[in-house]
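Asks:
In the numbering used here, the protein residues as written are 1479 to 1604.
(1) Please report the Cβ distance between residue 1576 and residue 1600, rounded to the nearest whole angstrom; I am assuming they are in contact, meaning their Cβ atoms lie under 8 angstroms.
(2) Distance check for residue 1580 and residue 1508, CA to CA, integer angstroms please.
(3) May I ask which residues mark the beginning and end of the alpha helix (DSSP H) holding residue 1602?
(4) So residue 1542 and residue 1556 are in contact, right, with Cβ under 8 angstroms, and what is the actual spacing, rounded?
(5) If you check the beta carbons only, do residue 1585 and residue 1569 fall under 8 angstroms apart?
(6) Leaving out five residues before and five after residue 1518 in sequence, what residues of the same chain have Cβ atoms less than 8 angstroms from its Cβ?
(7) Helix, strand or coil for residue 1559? Go by DSSP, reduced to three states.
(8) Could you check the C-alpha separation between residue 1504 and residue 1551 for me, to the nearest Å?
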């Protein structure tokens, strides 16, 4: 292997790790403002449910798995694990992404609002 290849491989790996997802680059401060549309139905605190389930620990969690919340059959039967990509699609058009969901929210049409909300949720739901 040449010196060039030996030096560029670690650099490429580092860039990949730091680069992350475009969604994670959203503005969490702006996302907190977008969350105002969600907070009537969702809490961020663990164990606190409202009309919708708590969003605490949502990323990496299987959809329809919060104990004590009555989910739609569609949500419980789905194989969705909440990550940035699935969350972005769901927030854009919940009923299109998951037909049969009980969520009545029509969705966020603006890409930047979804990106910002996801950035906020990633921080606030840990």
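Heads up, the beta-carbon is just placed ideally off N, CA and C, and yes, glycines get one too. From a predicted model like this one, the values you see are computed outputs, not experimental measurements.
Replies: Taking the coordinates as given:
(1) With 8 angstroms as the limit, residue 1576 and residue 1600 do not qualify as a contact, their Cβ atoms being about 21 angstroms apart.
(2) 27 angstroms
(3) 1589 to 1602
(4) 6 angstroms
(5) With contacts defined as CB atoms closer than 8 angstroms, residue 1585 and residue 1569 qualify as a contacting pair.
(6) For residue 1518, same chain residues with a beta-carbon under 8 angstroms away, outside a window of 5 residues either side, are 1528 and 1529 in chain order.
(7) strand
(8) 32 angstroms
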